[in-house]
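Numbering (the UniProt record's numbering), first residue to last: 1 to 74.
No residue lacks a Cβ here, since even glycine has one placed at the ideal position from N, Cα and C.
All figures in this text were calculated on a predicted structure; none of them were measured in a lab.
Step one of this worksheet: look at the structure below.
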């Protein structure tokens, strides 16, 4: 069984796509800056650490700004 389970993650983040995107961005941030939000992690890899942060509720989705337009949206 994987930890954290997808069911516990879906309680925090409603979309699987958003969850994957958030975890990937946070994993890159952990790798680059080594700023951890939890005291202890079960996971050894950065993506697992990011998912643990989501499961604990310390990492949440931020509201998107409608005024920001990205290159691929032009």
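Grab me the residues of residue 52's own chain with a C-beta within less than 8 Å of its C-beta, minus the 5 sequence neighbours each way, in chain order. 3, 4, 38, 41, 42, 43
Can you tell me whether residue 31 is buried or exposed? The criterion is at least 16 other CB atoms within 10 Å of its CB, across all chains shown. exposed
Can you grab the Cα-Cα spacing for the pair residue 22 / residue 6, in whole Å? 14 Å
When the distance is taken between beta carbons, is residue 9 closer than 8 Å to residue 50? no
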